[in-house]
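Quick mapping for you: the protein sequence lines, in order, are chains A and B.
Using the numbering used here, you'd call the opening residue of the first sequence number 1 and step up by one each time.
Using the numbering used here, you'd call the opening residue of the second sequence number 1 and step up by one each time.
Yeah, the Cβ is synthetic: ideal placement off N, Cα and C, and Gly gets one too.
Have a look at the structure below before the remarks.
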Amino acid sequence: MESTQLALFALLMPLLSATVIALFLRRAGALASYLSTATAAVVMVAALMLAYGGHRFDASADWLTLGDFTLTLGIKFDDLAALMLSIVAVIGFCVHLFSLGYMHDDGYRARFFGGLSIFMFSMIGIVLADNLFMMFIFWELVGFSSYLLINHYCLKQSAADASKKAFIVNRVGDFGFLIGILMCYAAYGTVNLNELPDIIAGGAMMSAAIPLLLFCGAVGKSAQMPLHVWLPDAMEGPTPVSALIHAATMVAAGIYMLCRIEVLMVADALNVIMWVGTVTALYAALCAVVQSDIKKVLAYSTLSQLGYMVAAFGLGSYQATVPVEIGHGDGTMQAGEIWIMVGGVGAAMFHLTTHAFFKALLFLGSGSVIHGCHQEQNIFKMGGLAKKMPITFATMTIGVLAIAGLPFLSGFYSKDAILHLAQQQNPTVFGLLIFTAVLTSFYMIRLWRITFFGAARSDGAEQAHESGFTMTLPLIALAVLSIVGGYTGAHGEGLIYGTAFTQVWEQIPHPEGIGVFIKSLVILAVGAGLAFALYKPGASDGLATKVPAAFMGLTLLKESFDKGYDYYVAKVQDRFAMVLNFLEQILLAGLIIRGLAGVVGLFGLGARALHTGSLHTYVYWFLLGVVLLWGFAGGLF
Amino acid sequence: MDLLLIAIVAPLVLALAMVLGLPKALARNLAYLGFALPAVIGIILWCQFDAAAKESTYAFLTTYDTGLTGLGINLTLGLNGISLPLFVMAGIVGLAAGLYALQSAAERLNHYVTLLLVMQGGLMGVFASVDVFFFYFFHELALIPTFIMVGIWGGRDRNYAAMKMTIYLTVGAMLSLIGLIAIYYTSGAQTFDMIALREAIAAEGLSTVAQRNIFGLLMFGFGILVSLWPLHTWAPLGYGAAPSSVAMLHAGVLKKFGLYGLIQVALPLLPEGAAHWALILATLGVVGNVLIIGVVAMAQRDLKQLVGYSSVMHMGYAFLGVACLSVVGVGGVVFMMVAHGFSAALLFLLATSIHHRTQTFDLDEMGGLVKSAPVLSAFFVAATLASIGLPGFANFWGELTIFVAAWQVFPTLTVIAIAGVVISAIYGLRAAAKVFFGPPTEAFAKVLQEQPATDLTWSERLPALLLLVALLAFGFWPKLMTDSINESVAEIYPAVETTVPADVARN
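Written out as structure tokens, the structure reads:
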């Protein structure tokens, strides 16, 4: 098959699967789940063939033309897209497989798997998109799939609220995103990712407004502050969804998008992006410390790691000079150089990749734990699972160590690349990110210790059992990836990557020397040591009993945003709507229309006749008019 | 045989036959035919349009002498790239509304269907007329049954609603009639034929003053008919009271008469007048319709009122697009009109189907309907997402192209208009959540106990599916529509100069 056809196949198969499920398999849950999973499998094969088979190409087709505006849909398949596509396809398949077991007894399985398929379609669309309009289209569609899947348990009020919140908050981000796209189109005459670099290199004016408005989209989708509030709530969705959409792929789309529009970046914009990412990383890590719901801990951890990636992009990996020809008014050209800021694409994408592996692993692991404990999600009601669920325990341990940055696991390499970048660029950010790293190992060890050790603290945990092979198999696969995912081989062949993604990997900054190991080990040891000191496997939160002030403070910090938004919605937005509605009803309906009716009554006999209330009068006027007109034309008068 | 004439006359003839006392069962079966024919003809003509011979953008031109030739009036029928999509939309929405009406348990169903057939005939006539007089005539022909049906078969406050609708829409129609007659006289062409008018004005050109005054009349006249803020108050009230099929046909199709008039008649004939009023039109549309009505919609508790307000709100985007005075803007408006026709009709249909199951339109007395009516909830969520402009549905392309066009002319207003995208998501998803998700409220639980809700029946599903498929088809393949729109609009509207953005030219 040709490259384009293969890519279209990978894009459209999930759409086909979703359509078939929606039309014919609504009541056949088992069949729907097999169809969707089989689709995910062939998509994975196609994606890996594309990524590793040396297919790199561009293709596009006009989709809509009005006047001088033409919107195209196209594919830009470079190393960056190949990397992202591979991640989405591999994690996607793992999650589908896991869901076969996890959702086996769910009454609405067909809807769930249909939703997963529509998500795969939308997400692959973002990855392949060759222009910003197309990206926006699929951007909105992943928002829809996310809405659908968060709302899976839609008879629960909390799930209904969470899905609504996710969609609306994302739309707030998209508001900026769309304006940014329009500005980009107005300024450069194109939003095509292949044409933009040429126009920029041609010396077009750059502004910070365009990249920052586009960044708004990433703030919404990747849940950066202040639009991060939807992601913890999104944990109302089934756990496999949290793993796929709200940890590994969709929420990382914001970072992918930033890497796509790297050419538009200017120093000021990168600076803002760096700070938003850093603050989010720190804030979310602090919030994660006081969560008792296993999924919420992981959700805040995801926020924090996404903050890392955004910060990495903002830090910029290097600054390059590019030779250009500068035109003069009289038509002569002169050679010159311009400075181009280059975002930290390498470091950000590297962490995105390893994070996708270990966070998907952690979420699926937590799913396995929840499934094993009969839908118990509170870590203080678990305990003693290490022996009852050995595979889940072993794989989760790998995940915890990977995110905490144990040397030679994947998270160690990617986090170090970011820290190294920060060290070179900005000491304050470096300090904050180091502190965040300590917090990360602190809350992850806390989670790990309380969940798996000690005595079982509820009936659910008492009767826990290891999950079936469809669930443990993806865990093992992801655990392997979490170990080997860090060997990118930027200077040679990568362990699992080969040379497929060299364009991305060669941008990773590489710290040298033994100091790196020591730094990472110290971070891990401090975090873990504190966690061991504070928390014992038990029914109560160690921090709450030992340092209540800190616990209260962190809880307050976590709630402040939700409370602020709730206040805004209830007290500002809804009241404003009520006031406007009141004015609408009273002023317009009451005064103006009566006044207008009066005026009409004065001027038109017909209207006055209507005002007396008989509708039929209107019919007679109409007929009379018709008779008169034809009579007049016929020369009767 | 002239298919256009059949599409207009068939529903009218059937309506006449029903009045003359056809046996009830036969009459109803024939009514299906009356609703189906225009839709089928619309699709046939669509397929033939590209290959058809065209004169001044119009294809399928035929002229009938109706005895008014002395006044420069002939029944000239034809379709161009602007009217074709609307003609097809009118046919499909009419079929859906007819199917929905025929399965409803309305009292005196035969009379109801008769009036609906008259309305349908008028609607097809509006978009098939090349003659401005008949364009107006058919609008009135469709409007009268609307008033009567609201007054007789309407819901709460039907008398007040019918009266208010009548007054507003009559005034709007009168103002636009005065404007049209003024064009007739000042152009010196002494004809109502669109093609002749265009040629005459292209040769002579109207004075700036005349253009400004006439455009003002048309803008407010047509504006009232399309619920331009602040002359919109008839709409939510009227739609709230109107029986479902009437709301579907009026909000979906008949309301587009005003926009269609602006695009097909006012803008091409009065370019200077349009330029004079553009900023005012755009401001009223964006600040009034989109922002104010959008916020007002958030405060609604009544589902049907909410759908009515959302319909008013979305007209604001259309006004913004019209005010751009460009090919992209006008093309976007045509797309938006068609898309909104389908989505508004679908929402009104589903709102009534929800009412059958909940016995109320009060959003605070529902909840959890998804459990007993999953298909209904899927349709409603799809319709809501379509109306809030989710890609994949036709409405998205309309909004996007309007935004692209408007950014060049009114950047600040465009930002406000885009904020409307967030506002509509808030009220749309709130409504969906209140009706379908979460646990049922106490009041609704009682209703459910007395009368368990069933899922969407096939007789309801069929018309809904028709509309949804149309939304998705145009949503996935916008080219279906834009190719023909583009050709006509580009010919009617003077080509917009393509300027290289200044920033690119600079270093």
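Asked	Found
Based on Cα-Cα distance, which residue from B/K479, B/A417, B/I144, B/L466 lies nearest to B/A383?	B/L466
Just the chain A side, please: which residues come within less than 8 Å of B/V415 by C-beta, in chain order?	I179
Going by alpha carbons, who is nearest to B/L117 out of B/V295, B/L249, B/F335?	B/L249
Would you kindly work out how many angstroms separate the C-alpha atoms of A/A187 and A/V438, rounded to a whole number?	44 Å
Where does A/S86 sit, in a helix, a strand or coil, going by DSSP?	helix
When the Cα of A/L155 is compared with those of B/P463, B/Q408, B/G368, which residue comes out closest?	B/G368
What does DSSP give as the partner residue(s) for A/S60 in the beta ladder?	A/G74
On the premise that A/A10 lies in contact with A/V43, defined as a C-beta separation below 8 Å, what is that separation, rounded to the nearest angstrom?	5 Å
Comparing C-alpha positions only, which one of A/G115, A/V229, A/M471, A/L554 sits nearest to A/C94?	A/M471
Determine the burial state of A/Q375: buried for a count of at least 16 other Cβ atoms within 10 Å of its Cβ, exposed for fewer.	exposed
Write down the C-beta distance between B/G258 and B/V287 rounded to the nearest angstrom, noting that I regard them as a contact closer than 8 Å.	Rounded, the Cβ-Cβ distance is 19 Å, inconsistent with contact.
What in chain A is Cβ-close to B/T401, meaning under 7 Å?	L66, F69
On the CB-based measure, 16 or more other CB atoms within 10 Å of its CB, does B/E460 come out buried or exposed?	buried
Would a check of beta-carbon distances place A/G613 closer than 8 Å to chain B?	Reliability fails at A/G613, whose pLDDT of 48 lies under 50, so the model's placement of it is uncertain and no value is given.
Buried or exposed for B/L458, going by 16 or more other Cβ atoms inside 10 Å?	In the sequence on display, residue 458 of chain B carries Trp and not Leu. That one is exposed.
Ends of the alpha helix (DSSP H) at A/F358?	345-372
Kindly say whether B/R506, judged by its beta-carbon, lies nearer than 8 Å to any beta-carbon of chain A.	The predicted position of B/R506 is uncertain, since its pLDDT is 35 and thus under 50; a value taken from the coordinates is nonetheless stated next. Yes, because at least one Cβ of chain A sits closer than 8 Å to the Cβ of B/R506.
For B/A299 and chain A, any beta-carbon pair shorter than 8 Å?	yes
From B/Y58 to A/L48, what does the alpha carbon distance come to, in whole angstroms?	52 Å
Suppose contacts are defined by Cβ-Cβ distances below 8 Å. Is A/G254 in contact with A/S222 by that definition?	yes
How many angstroms separate the CA atom of A/G613 from the CA atom of B/V246?	Bear in mind that the predicted position of A/G613 carries a pLDDT of just 48, short of 50, making it unreliable; the figure below should be weighed with that in mind. Approximately 20 Å, taken between the alpha carbons.
If you draw a straight line from the alpha carbon of A/Y147 to that of B/A97, how long is it in whole angstroms?	30 Å
Quick one: residues in its chain with C-beta nearer than 8 Å to the C-beta of A/E2, no 5 flanking neighbours on either side, listed in chain order?	none
Less than 7 Å between the CB of A/S146 and some heavy atom of the ligand MG, yes or no?	Judged by which ligands are present, the structure shown has none, so any question about the ligand MG falls away.
Three-state secondary structure (DSSP) at B/S343?	helix
Taking only beta-carbon positions, decide if A/I168 is within less than 8 Å of chain B.	yes
Strictly under 8 Å for the Cβ-Cβ distance: is A/C216 near chain B by that measure?	no
Between the Cα of B/Y188 and those of B/A203, B/S176, B/M174, B/L175, spot the shortest distance and give me the residue it belongs to.	Rather than Tyr, the amino acid found at residue 188 of chain B in this sequence is Gly. For B/G188, the nearest C-alpha among the options comes from B/A203.
Do A/Q503 and A/L650 count as a contact pair if the criterion is CB distance below 8 Å?	Since the displayed chain A opens at 1 and closes at 637, residue 650 of chain A lies outside it and no answer follows.
Three or more C-beta pairs closer than 8 Å, one from the segment 96-116 of chain A and one from the segment 25-42 of chain A: is that the case here?	yes
For the alpha helix (DSSP H) containing A/F517, name the first residue and the last one.	515-534
In the DSSP assignment, the alpha helix (DSSP H) including B/G238 goes from what residue to what residue?	234-241
Do three or more CB pairs link the segment 498-516 of chain A to the segment 410-420 of chain A at distances below 8 Å?	yes
Assuming A/Y300 and A/C287 make a contact with CB atoms under 8 Å, what is their CB distance in whole Å?	5 Å
A/K359 versus chain B: which residues are under 8 Å apart at the beta carbon?	Within 8 Å Cβ-Cβ: nothing; A/K359 doesn't reach chain B, min ~28 Å.
CB-CB under 6 Å to B/G321, same chain, minus the five flanking residues each way: which ones, in chain order?	G329, G332, V333, I402
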